[in-house]
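Undergrad: Next up is a structure, given as structure tokens.
In my numbering, the protein residues as written are 4 to 104.
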């Protein structure tokens, strides 16, 4: 939210600002981190064939928003832990949205 607020106040209208940290992690590693925090086993992972034109890397260039003065305040491990805890503690909020999908 801090980054969005910064872009609203200091960004140039019509510009695109990617918001992301500098930490890159493969999808499978992220999946394993999430499962570990949820005390689930890796056998829950369902491997599927890559789609045609599959991206090998999902990385954002956050330099524009950083030039506005934005920086991450937390490292990945702390941030993912807090995010997972939020979802665990707020099921009533997100389950309603999930059921609509």
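Think of the CB as a built atom: it goes at the ideal place given N, C-alpha and C, for glycine as much as any other residue.
Within the same chain, show all residues whose beta-carbon is closer than 7 Å to that of residue 82, passing over the 5 residues directly before and after it, in chain order.
TA: None.
Undergrad: Taking the alpha carbon of residue 67 as the reference point, which residue from 14, 33, 102 has its own alpha carbon closest?
TA: Considering only alpha carbons, the answer is 14.
Undergrad: Tell me whether residue 37 sits in a helix, a strand or coil according to DSSP, three-state version.
TA: Reduced to three states, the DSSP call for residue 37 is helix.
Undergrad: Do residue 64 and residue 30 have their C-beta atoms closer together than 7 Å?
TA: Not a contact, by the Cβ cut-off of 7 Å.
Undergrad: Below 7 Å CB to CB, which residues in the same chain sit around residue 74 once its five sequence neighbours on both sides are set aside?
TA: There are no such residues.
Undergrad: Is the number of C-beta pairs between the region 82-102 and the region 35-42 that are closer than 8 Å three or more?
TA: Yes, they touch.
Undergrad: Compute the beta-carbon to beta-carbon distance between residue 72 and residue 9, rounded to the nearest angstrom, for a pair I have assumed lies under 8 Å.
TA: The pair is a contact, with the Cβ atoms about 6 Å apart (cut-off 8 Å).
Undergrad: When DSSP labels each residue in this structure, what does residue 64 get in the three-state scheme?
TA: Coil at residue 64, not helix or strand.
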